[in-house]
Amino acid sequence: MTEKIIIDEDRFMRTISRIAHELIEKHQDLDQLVIVGIKRRGAEIATLIKRKIFDLTGKALPSMDLDITFYRDDLEYIEPQNRSPVYSGTSNYLNIQDKIVILIDDVLFTGRTIRAALDALIDFGRAAKVELVIFVDRGHRELPIRADYVGKNIPTSRSEKIQVRTMKFDQCYEVVLQAKNK
588 MTEKIIIDED RFMRTISRIA HELIEKHQDL DQLVIVGIKR RGAEIATLIK
638 RKIFDLTGKA LPSMDLDITF YRDDLEYIEP QNRSPVYSGT SNYLNIQDKI
688 VILIDDVLFT GRTIRAALDA LIDFGRAAKV ELVIFVDRGH RELPIRADYV
738 GKNIPTSRSE KIQVRTMKFD QCYEVVLQAK NK
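Heads up: the sequence shown runs through residues 588 to 769, numbered per my numbering.
Below, the structure is given as structure tokens:
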């Protein structure tokens with residue numbers, strides 16, 4: 588499999604900054620916002636955006652990391668013989684009742700992860716509005732889901748993969764396109 592770096596660390600951080608600026612510009616009153624990052628890499632990207640908003644405004648937004656394991660329609664099991672999914676829970680409970688939820692994930696592909704996240708959010712209250720931030724949109728939607736904020740659109744074939752790498756999980760910040768060798 589060959590890899591091509593699409594976004595290096597410098598562009599990665601500039602993209603975080605741009606998204607943070609867009610959120611601040613659109614929401615003059617940050618008091619109604621709640622940041623929700625989809626575990627795993629979406630949560631780390633959410634933390635970076637939250638920090639950047641704080642750096643720019645001095646406003647610390649409430650946030651949580653959301654585990655959507657039990658809401659997925661395509662559960663993957665760590666041990667195939669033990670058909671119990673691994674669930675790591677949320678980082679903390681937030682009541683999102685009447686708040687504007689900024690839902691953040693790393694890659695938008697079929698839309699199924701976002702559908703699961705929307706289902707999971709219902710357990711935390713009824714949001715006034717949910718806006719979607721996606722670091723990379725690669726196309727190929729199976730559900731009618733569209734991001735409000737996109738870091739980068741990268742059209743791909745179904746045989747290609749996009750991997751967003753983050754410091755916590757990969758010891759770097761970058762986005763790579765992976766393609767099978769022919």
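Note that beta-carbon positions come from the ideal geometry of N, C-alpha and C, so glycine has one too.
Legend entry - Same chain only: Cβ atoms within 8 Å of F599, ignoring 5 sequence neighbours per side: Start at 1 with the first residue of the sequence shown, and residue 599 comes out as number 12. If you ignore the 5 residues before and after F599, its C-beta comes within less than 8 Å of the C-beta of Y760, E761, V762, all in its own chain and listed in chain order.
Legend entry - Local conformation of L648 per DSSP, three classes: Counted from its first residue, the sequence shown places residue 648 at position 61. Here DSSP, grouped into helix, strand and coil, assigns L648 to coil.
Inset, instruction - Give the range of the beta strand (DSSP E) segment to which I691 is assigned. - result: Your numbering for residue 691 matches position 104 in the sequence shown. Counted as a single uninterrupted DSSP element, the beta strand (DSSP E) harbouring I691 occupies residues 687-695.
Legend entry - Residue interval of the beta strand (DSSP E) (run including L764): Numbered from 1 along the sequence shown, position 177 holds the residue referred to as residue 764. Where L764 is concerned, the enclosing beta strand (DSSP E) stretches over 761-766.
Legend entry - Where Y736 sits in the DSSP three-state scheme: Mapped onto the sequence shown, residue 736 falls at position 149. In the three-state reduction of the DSSP assignment, Y736 falls in the strand class.
Legend entry - Collapsed DSSP secondary structure at K591 in the structure displayed: The count along the sequence shown starts at 1 and reaches residue 591 at position 4. Strand.
Inset, instruction - Identify, in the order they occur along the chain, each residue of the same chain with its Cβ nearer than 8 Å to the Cβ of L730, setting aside the five sequence neighbours on each side. - result: To locate residue 730, count along the sequence shown from 1; it is residue 143. If we look at L730 and ignore the five residues flanking it on each side, its Cβ neighbours are T697, G698, R699, I701, R702.
Legend entry - C-alpha gap between D724 and R745, whole angstroms: Position 137 of the sequence shown, counting from 1, holds the residue named residue 724. Position 158 of the sequence shown, counting from 1, holds the residue named residue 745. If you take the alpha carbons of D724 and R745, they lie about 13 Å apart.
Inset, instruction - With a threshold of 16 other CB atoms inside 10 Å of the CB of L643, please say whether the residue is buried or exposed. - result: Locating residue 643 in the sequence shown gives position 56, counting from the first residue. With fewer than 16 other Cβ atoms from the protein chains shown falling within 10 Å of its own Cβ, L643 counts as exposed.
Inset, instruction - Spell out a yes or no on whether the region 686-693 and the region 705-724 are touching, meaning 3 or more CB-CB pairs, one atom from each, closer than 8 Å. - result: Segments in contact, yes.
Inset, instruction - Measure the alpha-carbon distance for I632 versus D660 and round it to whole angstroms. - result: Position 45 of the sequence shown, counting from 1, holds the residue named residue 632. Position 73 of the sequence shown, counting from 1, holds the residue named residue 660. Each residue's Cα considered, the two are about 24 Å apart.
Inset, instruction - May I have the straight-line CA-CA distance separating K686 from G712, to the nearest angstrom? - result: Counted from its first residue, the sequence shown places residue 686 at position 99. Counted from its first residue, the sequence shown places residue 712 at position 125. Looking at the backbone, the Cα of K686 and that of G712 are separated by about 9 Å.
Legend entry - Contact the region 639-658 vs the region 734-741: 3+ CB pairs below 8 Å: No contact exists between the region 639-658 and the region 734-741.
Legend entry - Alpha-carbon to alpha-carbon, S604 and I611: Here the question's residue 611 lines up with position 24 in the sequence shown. Here the question's residue 604 lines up with position 17 in the sequence shown. Per the coordinates, the alpha-carbon of I611 lies some 11 Å from the alpha-carbon of S604.
Inset, instruction - Reducing DSSP to helix, strand and coil, say where I636 ends up. - result: Mapped onto the sequence shown, residue 636 falls at position 49. The DSSP-derived three-state label of I636 is helix.
Inset, instruction - Would you kindly check if the distance between the Cβ of A630 and the Cβ of D597 is under 8 Å? - result: The count along the sequence shown starts at 1 and reaches residue 597 at position 10. The count along the sequence shown starts at 1 and reaches residue 630 at position 43. No.
Legend entry - C-alpha gap between P649 and L764, whole angstroms: Indexing the sequence shown from 1 puts residue 649 at position 62. Indexing the sequence shown from 1 puts residue 764 at position 177. When rounded, the distance between both Cα atoms is 33 Å.
Legend entry - CA-to-CA distance, N682 to V621, given in whole angstroms: The sequence position of residue 621 within the sequence shown is 34, counting from 1. The sequence position of residue 682 within the sequence shown is 95, counting from 1. The alpha-carbon atoms of V621 and N682 are separated by roughly 9 Å.
Inset, instruction - With D724 as the anchor, note down where its alpha helix (DSSP H) starts and where it stops. - result: Taking the first residue of the sequence shown as position 1, residue 724 is located at position 137. That residue, D724, is in no alpha helix (DSSP H); its beta strand (DSSP E) goes 716-724.
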